[in-house]
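With UniProt numbering applied, the sequence shown covers 1 to 126. Cβ atoms here follow ideal geometry from the backbone N, Cα and C, with glycine treated the same way.
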Amino acid sequence: MRCSPENGFFPDLSTVPRTDIIFFCSPNNPTGAAASRDQLTRLVKFAKDNRSIIVYDSAYAVYISDDSPKSIFEIPGAKEVAIETASFSKYAGFTGVRLGWTVVPKELLFSDGHQVAKDFNRIVCT
């Protein structure tokens with residue numbers, strides 16, 4: 001998914017083939033470009049239509065100073081298609097500590113109907 005100044009650092013989703021996982025960082029590093037509510041709504045719709053999972057990196061969200069969403073979960077329906085990860089290392093100066101968190105909503109399901117969160121918890125907590 002090409003992001004460049006020409007496309008406002010947001011991919012042209014009409015040219016993107018189906019994909020299983022979409023890694024998306026907002027604000028983007030190193031540009032600082034933050035996805036708008038409309039852009040994230042389109043990304044969530046794309047993920048729903050294509051049965052993709054968004055892994056949303058919000059490590060720099062604390063630096064958003066306009067009304068751009070700080071979390072993918074501000075977008076209706078995102079809990080069904082997204083995982084969000086964040087970190088203390090960027091805004092709290094914890095570089096090297098690598099302390100962060102991941103949100104895996106119970107609404108996010110595998111194609112067989114099982115919760116992704118249950119597998120995630122089993123893997124991470126053992």
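Residue i, buried or exposed, once every other Cβ within 10 Å from all chains shown has been counted against 16
i	result
Ser-111	exposed
Tyr-63	exposed
Val-44	buried
residue 136	Examination of residue 136 is not possible in this model, given that the chain is present from 1 through 126 alone.
Phe-23	exposed
Ile-75	buried
Leu-108	buried
Ala-47	buried
Leu-40	buried
Pro-5	exposed
Pro-69	buried
Ala-92	exposed
Assumed close pair residue i, residue j - CB separation to whole angstroms, cut-off 8 Å
i	j	result
Ala-35	Phe-10	6 Å
Ala-59	Lys-90	5 Å
Val-104	Ala-117	4 Å
Ile-123	Ile-83	Their Cβ separation, rounded to whole angstroms, is 13 Å, which puts Ile-123 and Ile-83 out of contact at 8 Å.
Asn-50	Thr-31	Not confirmed; about 25 Å, so no contact.
Ser-87	Gly-100	4 Å
Cys-25	Asp-57	4 Å
Limits of the unbroken alpha helix (DSSP H) element including residue i
i	result
Val-116	116-124
residue 137	For the chain, the structure presents residues 1 to 126; residue 137 sits outside this window and is missing.
Residue range of the beta strand (DSSP E) that includes residue i
i	result
Ser-87	82-87
Thr-19	Note, Thr-19: premise wrong, no beta strand (DSSP E); not H, not E.
Gly-100	100-103
Val-55	53-57
Bridge-paired residues (DSSP) for residue i
i	result
Cys-25	Asp-57
Leu-109	Gln-115
Contact with chain D by residue i, beta-carbon distance below 7 Å
i	result
Lys-118	No chain D appears in this structure, which consists of one protein chain only.
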